[in-house]
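Numbering (the UniProt record's numbering), first residue to last: 1 to 406. Where is the CB? At the ideal position from N, CA and C, for every residue including glycine. All figures in this text were calculated on a predicted structure; none of them were measured in a lab.
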């Protein structure tokens with residue numbers, strides 16, 4: 001009769017423990033059906049599911065395991081698994097898996113309780129819990145911005161995706177924590193292209209507002225910009241109206257504006273990491289090509305597409321050349337870049353903050369609303385507001401500990 005047994009170990013982590021345990025199982029020819037291990041603060045938790053048709057071999061293996069466990073300081077437990085339990089476990093292997101990522105400057109027990117309450121209400125069981133952020137210093141003296149991230153691996157069938165999304169948004173608004181829910185599929189693990197909005201995403205300013213200040217029409221343009229980003233105005237019409245107000249501006253101010261642009265917190269770390277991991281990056285901006293190319297050189301972006309400000313005899317004419325890069329154009333460009341790379345849009349990531357970013361956020365496999373307007377947060381796949389732009393790395397499953405080697 002075939003026996004199936006779960007062997008659980010708990011105790012201090014030491015070199016060669018796993019090798020010595022495998023040696024015992026090998027000597028008695030036990031088949032390994034599953035194995036999992038975690039180490040937290042040098043404390044080991046290890047589970048091994050074994051099987052054998054030879055009851056004598058199983059008994060001898062258990063005896064040797066007990067002796068070895070005592071020798072290396074581990075507590076060990078044996079739990080028989082019935083055929084029905086094992087068959088149920090096998091059948092669950094085909095279920096859709098999900099990843100929930102919780103991030104904030106500092107994650108508290110209250111944060112994690114709230115996240116897991118949402119998870120439980122949707123009928124999920126938590127299979128894995130992984131800290132992606134680096135180890136905090138004991139005295140809280142880590143250099144740089146504070147960020148904390150925990151990733152949950154879930155199994156089960158989601159009961160109501162819309163309700164879960166609403167609960168995560170509500171928690172984010174109430175507790176300054178970002179919660180992302182992703183299906184853990186092959187696309188998530190093989191994304192290759194990242195497309196960024198520029199204004200208020202890669203940089204903190206809206207460049208057209210900076211141009212307007214130099215032209216003496218700052219208040220007029222800022223009002224139109226805000227209404228457009230909130231989705232109250234058609235982007236193309238509002239864009240042409242704002243550019244028209246720049247007529248007569250001396251183009252000599254463009255380099256001065258470029259030099260005073262503020263790179264968003266975490267952008268440089270994000271771009272350099274993406275490049276080291278082999279991702280292609282692009283700026284798809286409703287702003288201006290001159291400034292996009294400035295950022296391209298500064299950050300090492302692979303490709304840029306933005307609006308070309310028309311200049312004649314060193315003076316801005318109040319017109320733009322060629323296609324206006326609006327929301328539809330951004331989505332088209334993302335699709336075009338994906339095709340050129342031979343990948344699906346599901347393997348692309350889009351990051352933006354405004355209503356004109358929603359089309360590209362919706363077609364990308366991972367669309368991230370970054371410090372976005374309420375309308376955009378509600379309609380994007382995911383949202384990040386509590387940490388810097390490099391928080392996107394956590395949604396890709398990147399560990400802080402890996403970045404020093406990237």
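Looking at the unbroken alpha helix (DSSP H) that takes in residue i, where does it start and where does it end?
{"i": "residue 165", "result": "161-175"}
{"i": "residue 344", "result": "Premise fails: residue 344 is in no alpha helix (DSSP H) and is neither H nor E."}
{"i": "residue 60", "result": "55-72"}
{"i": "residue 24", "result": "17-27"}
{"i": "residue 374", "result": "374-379"}
{"i": "residue 299", "result": "289-299"}
{"i": "residue 233", "result": "Per DSSP, residue 233 belongs to no alpha helix (DSSP H) and is neither H nor E."}
{"i": "residue 256", "result": "253-259"}
{"i": "residue 275", "result": "267-276"}
Please tell me whether residue i and residue j are closer than 8 Å, where the distance is taken between their beta carbons.
{"i": "residue 366", "j": "residue 191", "result": "yes"}
{"i": "residue 246", "j": "residue 215", "result": "yes"}
{"i": "residue 153", "j": "residue 118", "result": "no"}
{"i": "residue 407", "j": "residue 73", "result": "Residue numbering for the chain in the displayed model covers 1 to 406; residue 407 lies beyond these limits and cannot be assessed."}
{"i": "residue 149", "j": "residue 169", "result": "no"}
{"i": "residue 155", "j": "residue 127", "result": "yes"}
{"i": "residue 381", "j": "residue 361", "result": "yes"}
{"i": "residue 319", "j": "residue 243", "result": "yes"}
{"i": "residue 306", "j": "residue 334", "result": "no"}
{"i": "residue 200", "j": "residue 353", "result": "yes"}
{"i": "residue 288", "j": "residue 309", "result": "yes"}
{"i": "residue 207", "j": "residue 115", "result": "no"}
{"i": "residue 248", "j": "residue 304", "result": "no"}
{"i": "residue 130", "j": "residue 157", "result": "no"}
{"i": "residue 61", "j": "residue 21", "result": "no"}
{"i": "residue 66", "j": "residue 123", "result": "no"}
{"i": "residue 81", "j": "residue 35", "result": "no"}
{"i": "residue 86", "j": "residue 346", "result": "no"}
{"i": "residue 63", "j": "residue 6", "result": "no"}
Rounded to the nearest angstrom, what separates residue i and residue j at their Cα positions?
{"i": "residue 383", "j": "residue 348", "result": "16 Å"}
{"i": "residue 404", "j": "residue 374", "result": "With a pLDDT of 47 at residue 404, under the threshold of 50, the modelled position of this residue cannot be trusted; read the value that follows with caution. Taking the straight line from one Cα to the other gives about 35 Å."}
{"i": "residue 4", "j": "residue 51", "result": "4 Å"}
{"i": "residue 241", "j": "residue 221", "result": "8 Å"}
{"i": "residue 406", "j": "residue 399", "result": "Any answer about residue 406 is weak, because its pLDDT of 42 lies below 50 and its placement is not dependable; what the coordinates show is given next. Distance between the alpha carbons of residue 406 and residue 399: 11 Å."}
{"i": "residue 218", "j": "residue 227", "result": "14 Å"}
{"i": "residue 112", "j": "residue 174", "result": "14 Å"}
{"i": "residue 69", "j": "residue 25", "result": "13 Å"}
{"i": "residue 210", "j": "residue 47", "result": "59 Å"}
{"i": "residue 372", "j": "residue 239", "result": "19 Å"}
{"i": "residue 322", "j": "residue 332", "result": "15 Å"}
{"i": "residue 189", "j": "residue 41", "result": "28 Å"}
{"i": "residue 205", "j": "residue 230", "result": "16 Å"}
{"i": "residue 97", "j": "residue 212", "result": "49 Å"}
{"i": "residue 19", "j": "residue 71", "result": "14 Å"}
{"i": "residue 385", "j": "residue 379", "result": "15 Å"}
Can you find the residues in the same chain that come closer than 6 Å, C-beta to C-beta, to residue i, ignoring five residues on each side of it along the sequence?
{"i": "residue 286", "result": "325, 356"}
{"i": "residue 53", "result": "2"}
{"i": "residue 377", "result": "369, 383"}
{"i": "residue 8", "result": "47, 77"}
{"i": "residue 254", "result": "290"}
{"i": "residue 237", "result": "none"}
{"i": "residue 28", "result": "57, 60, 61"}
{"i": "residue 33", "result": "49, 51"}
{"i": "residue 37", "result": "46"}
{"i": "residue 137", "result": "none"}
For residue i, which residues from the same chain have a beta carbon less than 8 Å from its beta carbon, with the 5 sequence-adjacent residues on both sides left out?
{"i": "residue 145", "result": "105, 265, 266, 387, 388"}
{"i": "residue 202", "result": "196, 263, 264, 267, 283, 295, 299, 389"}
{"i": "residue 314", "result": "250, 251, 252"}
{"i": "residue 258", "result": "290, 291, 294"}
{"i": "residue 107", "result": "148, 149, 150, 177"}
{"i": "residue 341", "result": "192, 193, 280"}
Quick check on the DSSP output: the beta strand (DSSP E) that includes residue i runs from which residue to which?
{"i": "residue 385", "result": "Taken as a continuous stretch (DSSP letters only), residue 385 belongs to no beta strand (DSSP E), as it is neither H nor E."}
{"i": "residue 90", "result": "First-last for residue 90: 83-91, but that is the alpha helix (DSSP H), not the beta strand (DSSP E)."}
{"i": "residue 128", "result": "125-131"}
{"i": "residue 402", "result": "Here residue 402 belongs to no beta strand (DSSP E); instead the alpha helix (DSSP H) covers 400-403."}
{"i": "residue 305", "result": "303-312"}
{"i": "residue 201", "result": "Looking at the DSSP string, residue 201 is not in any beta strand (DSSP E), and its letter there is neither H nor E."}
{"i": "residue 209", "result": "Unbroken run through residue 209 is the alpha helix (DSSP H), 207-215; no beta strand (DSSP E)."}
{"i": "residue 98", "result": "97-104"}
For the ligand MN, any of its heavy atoms closer than 7 Å to the Cβ of residue i?
{"i": "residue 295", "result": "This structure lacks the ligand MN; in fact it carries no ligand of any kind."}
For residue i and residue j, which I take to be in contact (beta-carbon distance under 8 Å), what is that distance rounded to the nearest angstrom?
{"i": "residue 401", "j": "residue 134", "result": "7 Å"}
{"i": "residue 101", "j": "residue 394", "result": "6 Å"}
{"i": "residue 328", "j": "residue 359", "result": "6 Å"}
{"i": "residue 343", "j": "residue 301", "result": "Their Cβ separation, rounded to whole angstroms, is 18 Å, which puts residue 343 and residue 301 out of contact at 8 Å."}
{"i": "residue 181", "j": "residue 198", "result": "The Cβ separation is near 27 Å, so there is no contact."}
{"i": "residue 10", "j": "residue 45", "result": "6 Å"}
If I measure Cβ to Cβ from residue i and keep anything under 7 Å in the same chain, skipping five residues before and after, which residues do I get?
{"i": "residue 274", "result": "194, 281"}
{"i": "residue 39", "result": "13"}
So, is the C-beta of residue i closer than 8 Å to a C-beta in chain B?
{"i": "residue 262", "result": "Annotation note: the requested chain B is absent from the structure, which comprises a single protein chain."}
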